[in-house]
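Protein chains in written order, with the working numbering: chain V, 1 to 218; chain D, 1 to 165. Just so it is clear, CB atoms sit at the ideal spot from N, CA and C, and this is done for glycine as well.
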Amino acid sequence: MDNVPKDVAASATAVALTSRSRAGKADDRDLVRQAQKGVSAAFEELVRRHQQRVIAVVSGILRRREDIEDVAQQVFLKAYVSIQRFDLRSAFSTWLYKITVNECWDYLRKKKVRPLSYEADLSEEQVRHVEQFVSSGADAGNPGERAELREIVDRLLSDLTDEDRTMLVLKEAQGFAVEEIGGMLGLNVNTVKVRLFRARRRLAKNYRRRVGHGRKEK
Amino acid sequence: MSEQNMNGCEKFESLLEDYLSGDLPRQDAERLASHLNACGDCRQALEEARLSSRLVGLFDRAEEPGPSFTRLVMARVSAAELWLQQQKNFWRPLEALAWRLAFSAALVLVFLFAYEIKASNPEVVPQASGVLVQRADTFVTPAYNSPTNTDEVLMAIAERDHERQ
Ligand SMILES: [Zn+2]
């Protein structure tokens, strides 16, 4: 490719790393150490390994399709820049998810992305729609109906704190373990469980208040 | 946050969360079951939590990243490195000039200060080194722990390169 011997050496290392990882040997720590020495192919392998989960975190928090990949790329750029400071005391994924969560919250703050104001009432039709979904216990139906219902749930979630909403969506929709969520947010596992449970109840209360309004409370 | 008092049921919240996720250890299952039998509040809480699971379950799992995702990330990385290299090359002569100017200014100040002190009170030892340190502080690069925008990212790369040298 180039005539710079250093680069050749670097890509040779990368090939070695990649083949070792196929054999299941090069773990993230090896790759991190290589990346800290400036081997960009090692960093590239880290990107490849973790992109799916980073995108899952980003899309769980942002919930807006068009910016997800852009923010995820920015996350990796930041990881690249600060990898010298990563001391390997936690798993690379934990460190990376922390950067991801902060980047997403920053993004939400800067863009003030609260497209679905929770002040606005749900329409009669929306109320009927979501009530029907909840009481039927059946699937949501076609993709269009699902999307409509998701929009309503987004509204019901919008008065939870960023942290509570993040926990709930990452756990329930993106399949993250409570241990992983605790690592991201710097909380112990029991705290995550308790707060998750309370966040669930809060969402249900919002549902009762906004959808169940007009119905007689039992 | 906790607007309602759950009368000592707080300790069951994490068990209920485990139960919802299907992670409840067997030894806790009986304890929870007998509490649920006796406690209407917790039964209601569990119903609410279930309702939420159904609602949030409407969100789909994230899609796979696009096929060019890795390439795009690495392109950003190279672009940032390249930009920085260009900045460095552009500023290097000016940087040298700035340092020279700063040094001269500091030197002039030292002389003026020393002269002033000597003129007013010949006994006092001039604090010339203090002045030099103050001048130099102006050029210390601040440490960036967590960059929050592209400019800061670039600054952080610059700082890191500086550390490597
Ligand atoms: Zn109870």
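**Message:** Can you tell me whether residue 78 of chain V is buried or exposed? The criterion is at least 16 other CB atoms within 10 Å of its CB, across all chains shown.
**Reply:** By one-based count along the first sequence, residue 78 of chain V stands at place 78. Residue 78 of chain V should be labelled buried.
**Asked** Where does residue 95 of chain V land, buried or exposed, given buried means 16+ other C-beta within 10 angstroms?
**Response** The residue you call residue 95 of chain V lines up with position 95 of the first sequence. Classification for residue 95 of chain V: buried.
**Item:** Integer-rounded CB distance, given that residue 15 of chain D should sit under 8 Å from residue 28 of chain D
**Value:** Taking the second sequence and counting its residues from 1, the one referred to as residue 28 of chain D is at position 28. Taking the second sequence and counting its residues from 1, the one referred to as residue 15 of chain D is at position 15. Right, the Cβ-Cβ distance comes to about 5 Å (below 8 Å), so this counts as a contact.
**Inside the region 75-145 of chain V only - alpha helix (DSSP H) runs reaching at least 4 residues** = 92-111, 124-136
**Asked** Does the separation of the CB atoms of residue 76 of chain V and residue 32 of chain V fall below 8 Å?
**Response** In the first sequence, counting from the first residue as 1, residue 76 of chain V sits at position 76. In the first sequence, counting from the first residue as 1, residue 32 of chain V sits at position 32. No, Cβ-Cβ distance for residue 76 of chain V and residue 32 of chain V is not below 8 Å.
**Asked** Using 8 Å as the threshold, is the region 76-88 of chain D in touch with the region 181-194 of chain V, meaning 3 or more CB pairs across them?
**Response** no
**Asked** If you measure from each residue's Cβ to the nearest non-hydrogen atom of ligand 1, which ones come out under 6 Å, in chain order?
**Response** D:9, D:12, D:35, D:39, D:41, D:42
**Message:** Tell me the DSSP secondary structure of residue 9 of chain D in three-state form.
**Reply:** The residue labelled residue 9 of chain D in the question sits at position 9 within the second sequence. Here residue 9 of chain D sits in coil by DSSP.
**residue 156 of chain D at chain V interface by Cβ criterion, 8 Å** = In the second sequence, counting from the first residue as 1, residue 156 of chain D sits at position 156. Chain V, which has a Cβ nearer than 8 Å to the Cβ of residue 156 of chain D, makes this yes.
**Prompt:** According to DSSP, is residue 173 of chain V helix, strand or coil?
**Reply:** Numbered from 1 along the first sequence, position 173 holds the residue referred to as residue 173 of chain V. Residue state, collapsed to three classes: coil.
**Prompt:** Going by beta carbon distance, what residues of the same chain come within less than 8 Å of residue 36 of chain V, once the five residues before and after it are set aside?
**Reply:** Residue mapping note: residue 36 of chain V aligns to position 36 of the first sequence, counting from 1. Only 83, 84, 86 meet the Cβ criterion.
**Message:** On the DSSP letters alone, give me the boundaries of the alpha helix (DSSP H) that residue 40 of chain D sits inside.
**Reply:** Stepping through the second sequence from its first residue, residue 40 of chain D is reached at position 40. Per DSSP, residue 40 of chain D belongs to the alpha helix (DSSP H) from 40-56.
**Asked** Which chain V residues are close to residue 69 of chain D, counting only those with a beta carbon under 7 Å from its beta carbon?
**Response** Counted from its first residue, the second sequence places residue 69 of chain D at position 69. The contacting residues are 51, 69.
**Asked** For residue 103 of chain V, which residues from the same chain have a beta carbon less than 7 Å from its beta carbon, with the 5 sequence-adjacent residues on both sides left out?
**Response** Sequence index remark: in the first sequence, residue 103 of chain V carries index 103 (1-based). Contacts found: 71, 74, 75, 78.
**Item:** Through-space distance from residue 13 of chain D to residue 25 of chain D, alpha-carbon basis
**Value:** Counted from its first residue, the second sequence places residue 25 of chain D at position 25. Counted from its first residue, the second sequence places residue 13 of chain D at position 13. Approximately 14 Å, taken between the alpha carbons.
**Message:** Quick check: is the beta carbon of residue 93 of chain V nearer than 8 Å to any beta carbon in chain D?
**Reply:** In the first sequence, the residue the question calls residue 93 of chain V occupies position 93. Taking Cβ atoms only, chain D never reaches closer than 8 Å to residue 93 of chain V, which makes this a no.
**Item:** Short Cβ contact (8 Å threshold) for residue 73 of chain D with residue 40 of chain V
**Value:** Numbered from its first residue, the second sequence carries residue 73 of chain D at position 73. Numbered from its first residue, the first sequence carries residue 40 of chain V at position 40. It is not a contact, given that the beta carbons lie outside the stated cut-off.
**Prompt:** Of the residues that make up the region 160-186 of chain V, which ones have a beta carbon closer than 8 Å to any beta carbon in chain D?
**Reply:** 168, 169, 171, 172, 173, 174, 175, 178
**Asked** Looking at residue 93 of chain V and residue 29 of chain V, is the spacing between their C-beta atoms short of 8 Å?
**Response** Walking along the first sequence from the start, residue 29 of chain V turns up at place 29. Walking along the first sequence from the start, residue 93 of chain V turns up at place 93. No; because the gap between Cβ atoms is not below 8 Å, this pair is not in contact.
**Message:** Which residue wins for smallest C-alpha separation from residue 22 of chain D, given the options V:172, V:186, V:129?
**Reply:** Here residue 22 of chain D is taken as the residue at index 22 of the second sequence, counted from 1. Looking at the Cα atoms, V:172 is the closest of the given residues.
**Request:** Examine the Cβ distances between the region 178-193 of chain V and the region 61-68 of chain D and report whether three or more of them are shorter than 8 Å.
**Result:** no
**Prompt:** For residue 25 of chain D, which three-state DSSP category applies?
**Reply:** Sequence index remark: in the second sequence, residue 25 of chain D carries index 25 (1-based). It is coil, neither helix nor strand.
**Asked** Roughly how many angstroms separate the alpha carbons of residue 205 of chain V and residue 157 of chain V, rounded to a whole number?
**Response** As a first step, residue 205 of chain V is located in the first sequence; it is residue number 205 there, counting from the start. As a first step, residue 157 of chain V is located in the first sequence; it is residue number 157 there, counting from the start. Between residue 205 of chain V and residue 157 of chain V, the C-alpha separation is close to 11 Å.
**Message:** Quick check on residue 80 of chain D: does DSSP put it in helix, strand or coil?
**Reply:** Within the second sequence, the letter at position 80 stands for residue 80 of chain D. Correct three-state label for residue 80 of chain D: helix.
**Asked** What's the C-alpha gap between residue 56 of chain D and residue 26 of chain V?
**Response** Here the question's residue 56 of chain D lines up with position 56 in the second sequence. Here the question's residue 26 of chain V lines up with position 26 in the first sequence. Cα-Cα distance, rounded: 37 Å.
**Item:** The alpha helix (DSSP H) enclosing residue 45 of chain V, as first and last residue numbers
**Value:** For the purposes of this step, residue 45 of chain V is taken as the residue at position 45 of the first sequence. Residue 45 of chain V -> alpha helix (DSSP H) spans 40-62.
**Request:** Kindly say whether residue 14 of chain D, judged by its beta-carbon, lies nearer than 8 Å to any beta-carbon of chain V.
**Result:** On the second sequence, position 14 is the one that residue 14 of chain D refers to. Cβ-Cβ to chain V under 8 Å: yes for residue 14 of chain D.
**Asked** With 16 other CB atoms within 10 Å as the buried threshold, where does residue 90 of chain D fall?
**Response** Here residue 90 of chain D refers to the residue found at position 90 when the second sequence is read from its first residue. It is exposed - the Cβ of residue 90 of chain D has fewer than 16 other Cβ atoms within 10 Å.
**Request:** Mark residue 97 of chain D as exposed unless 16 or more other C-beta atoms lie within 10 angstroms of its C-beta, in which case mark it buried.
**Result:** Your numbering for residue 97 of chain D matches position 97 in the second sequence. Under this definition residue 97 of chain D is an exposed residue.
**Message:** Determine whether the beta carbon atoms of residue 127 of chain V and residue 58 of chain V lie at a separation below 8 Å.
**Reply:** Within the first sequence, the letter at position 127 stands for residue 127 of chain V. Within the first sequence, the letter at position 58 stands for residue 58 of chain V. For residue 127 of chain V and residue 58 of chain V, no; Cβs fall outside 8 Å.
**Asked** Can a CB atom of chain V be found closer than 8 Å to the CB of residue 62 of chain D?
**Response** In the second sequence, residue 62 of chain D corresponds to position 62, counting from 1. Yes - at least one Cβ of chain V is within 8 Å of the one on residue 62 of chain D.
**Message:** Would residue 204 of chain V pass as an interface residue toward chain D - the criterion being a Cβ-Cβ separation below 8 Å?
**Reply:** Along the first sequence, one-based indexing puts residue 204 of chain V at 204. At least one chain D Cβ lies under 8 Å of residue 204 of chain V.
**Request:** Compare the Cα-Cα distances from residue 170 of chain V to each of V:145, V:137, V:101 and report the closest residue.
**Result:** The residue labelled residue 170 of chain V in the question sits at position 170 within the first sequence. When each option's Cα is compared against that of residue 170 of chain V, the closest is V:101.
**DSSP-derived helix/strand/coil call for residue 88 of chain D** = Reading the second sequence from its first residue, position 88 is the one you call residue 88 of chain D. Helix at residue 88 of chain D.
**Message:** Within the continuous alpha helix (DSSP H) that includes residue 205 of chain V, where are the two ends?
**Reply:** For the purposes of this step, residue 205 of chain V is identified with residue 205 of the first sequence, where counting begins at 1. Segment 189-210, the alpha helix (DSSP H) holding residue 205 of chain V.
**Asked** For residue 164 of chain V, which of helix, strand or coil comes out of DSSP?
**Response** Here residue 164 of chain V refers to the residue found at position 164 of the first sequence. Residue state, collapsed to three classes: helix.
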